[in-house]
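Residue numbers (my numbering): 6 to 124.
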């Protein structure tokens, strides 16, 4: 099989040369016309909310703050995952969104959910 390919290539040098030249020109044309950004938008669709309350322990923060906030944040359209970490007087909630979502609109929706959850 390989010997037949080599034999064909040697017998048809001009055809092989033209094919390689055409492929090279097509490749160079594609490389020149590819759109590029110097600084592409690589903003990861994740928003982190930090809540501090030094008078509450981890269990109280989870029950009184984290669960109500998480349930409200899960209702935002485009949310794929909500995770939280509770510590002594500290809560960190990470909200992941679908890639095609507008991060500024989502931040506004998050702010509204946080304001609605405050007593």
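All residues carry an ideal CB built from backbone N, CA and C; glycine is no exception.
If you're wondering where the values come from, they're calculated on a predicted model, not measured in any experiment.
Helix, strand or coil at residue 51 [DSSP, three-state]
strand
Take every Cβ of the segment 28-41, pair it with every Cβ of the segment 51-60, and state whether three or more of those distances are shorter than 8 Å.
no
By a C-beta neighbour count over all protein chains shown, 10 Å radius and 16 as the cutoff for buried, is residue 115 buried or exposed?
buried
Can you pull the DSSP bridge partners for residue 84?
102
Please confirm whether residue 113 and residue 85 have their CB atoms less than 8 Å apart.
no
Determine the extent of the alpha helix (DSSP H) in which residue 42 is found, giving its start and end residues.
Unbroken run through residue 42: none, as it is neither H nor E.
Check for me: the alpha helix (DSSP H) holding residue 14 runs from which residue to which?
7-16
Residue 122 and residue 63: beta carbons closer than 8 Å?
no
Coarse secondary structure for residue 93, derived from DSSP in three states:
coil
Do residue 94 and residue 61 come within 8 Å of each other at the CB atom, strictly closer than that value?
yes
Would residue 96 and residue 71 qualify as a contact pair, given that the criterion is a beta-carbon distance under 8 Å?
yes
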